[in-house]
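Peer 1:
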Amino acid sequence: MDKEFSSTLLENAVSALATLPGIGRKTSLRLILHLLRQDESVAVDLGEAIIKLRKEIRYCRMCHNISEADLCPICSNPSRDASTICVVENVKDVMVVENTRQYNGLYHVLGGLISPMDGVGPQDIEIGSLVERVNAGGVDEVVLALSATMEGDTTNFYIYRKLADTGVRITMLARGVAIGNEIEYTDEVTLGRSIVNRTLFSDTFKK
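Each step along the sequence shown adds one to the number in this note's numbering, with nothing skipped, and position 89 is 85.
1. Hey, would you say I191 sits closer than 9 Å to V93, going by beta carbons?
2. Check P74 in the structure and name its three-state DSSP category.
3. Starting from the C-beta of T80, find all residues in its chain whose C-beta is less than 6 Å away, skip the five residues before and the five after it, and write them out in chain order.
4. Counting only the same chain and skipping the five closest in sequence on each side, list residues whose C-beta sits under 6 Å from that of S111.
5. Between V87 and chain C, is there a C-beta pair that is closer than 9 Å?
6. Pair every Cβ in the region 67 to 82 with every Cβ in the region 35 to 47, then say whether three or more of these pairs are closer than 8 Å.
7. Under a Cβ-count criterion, where at least 16 other Cβ atoms within 10 Å of its own Cβ denotes burial, should V130 be classed as buried or exposed?
8. Roughly how many angstroms lie between the CA atoms of G67 and E85, to the nearest whole one?
9. Give the straight-line distance between the Cα atoms of S143 and D35, rounded to the nearest whole angstrom.
10. Going by Cα to Cα distance, which pick from V127, G133, L109 is closest to T150?
11. Leaving out five residues before and five after V105 in sequence, what residues of the same chain have Cβ atoms less than 7 Å from its Cβ?
12. Residues bridged to S63 by DSSP?
13. Is DSSP giving Y103 helix, strand or coil here?
14. Taking only the alpha-carbon atoms, compute the straight-line gap between S3 and V10 and give it to the nearest angstrom.
15. Select from S125, G43, K22, D114 the residue whose C-alpha is nearest the C-alpha of I155.
16. Taking just the CA atoms, how far does L29 sit from G134?
17. If you run the structure through DSSP and keep just helix, strand and coil, what is V139?
18. Whose CA, out of V40, Y99, R26, N152, lies closest to the CA of T200?
19. Cutting at 8 Å between CB atoms, please list the residues of its own chain near A141, excluding the five before and the five after it.
20. In chain order, what residues of the same chain have a beta carbon less than 6 Å from the beta carbon of T23, not counting five sequence neighbours either side?
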């Protein structure tokens, strides 16, 4: 146990919280000490909420977004445009695109990007299920809304090749999203304009 910790319980709690992304040991210690100053019910409610989330959360069988039912609220909403699928890297990107209020179609969450250097191939993310959705019919457009990074562009091109013969219109975000930017860090106005002004993916080969 580190010398600055007088309690194994405190050390264990700090170490556990510090495993979360973006939270170092100093931030973890500050949060744990804050919880200790609160009423016991605050920590109990927090713990129960996390445990309940982990045990009961599900993923939409259609788009792989986080859900509490077989279909997420977006996929089950009859007012959404089911003929358009927006392909994103992760669940957080769904939230970012939704916040722009410029898109009314459905989504497909890949759960990652193709990255050979990290050992992530097409078979490791939800590309196969995307192809199945398109082949099932009823889809007119697939919007590639992946980050403007090397991994994002690689994944875009792979998906384009897999869907090229389906006859579906394949578009991508207008390059208002700067090269190297990740979708979750792009401001809502810029992202919204990029969605509205999306272009055919095939046009990128003509430049």
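Every residue, glycine too, gets a C-beta built ideally from N, C-alpha and C.
These numbers come from a predicted model, not from an experiment.
Peer 2: The answer reads as follows:
1. yes
2. coil
3. G101, E137
4. E147
5. In the displayed structure, chain C is absent; only one protein chain is listed.
6. no
7. buried
8. Gly is not the amino acid found at residue 67; the sequence shown has Leu there. When rounded, the distance between both Cα atoms is 19 Å.
9. 42 Å
10. L109
11. C59, H60, N61, V84, N86, V87, V90, E122
12. Beta-bridge annotation (DSSP): S63 is paired with R54.
13. Strand, per DSSP.
14. 11 Å
15. S125
16. 54 Å
17. The answer is strand: DSSP assigns V139 an E or B state.
18. N152
19. C82, V83, V84, D89, V93, M168, L169, I179, I191
20. none
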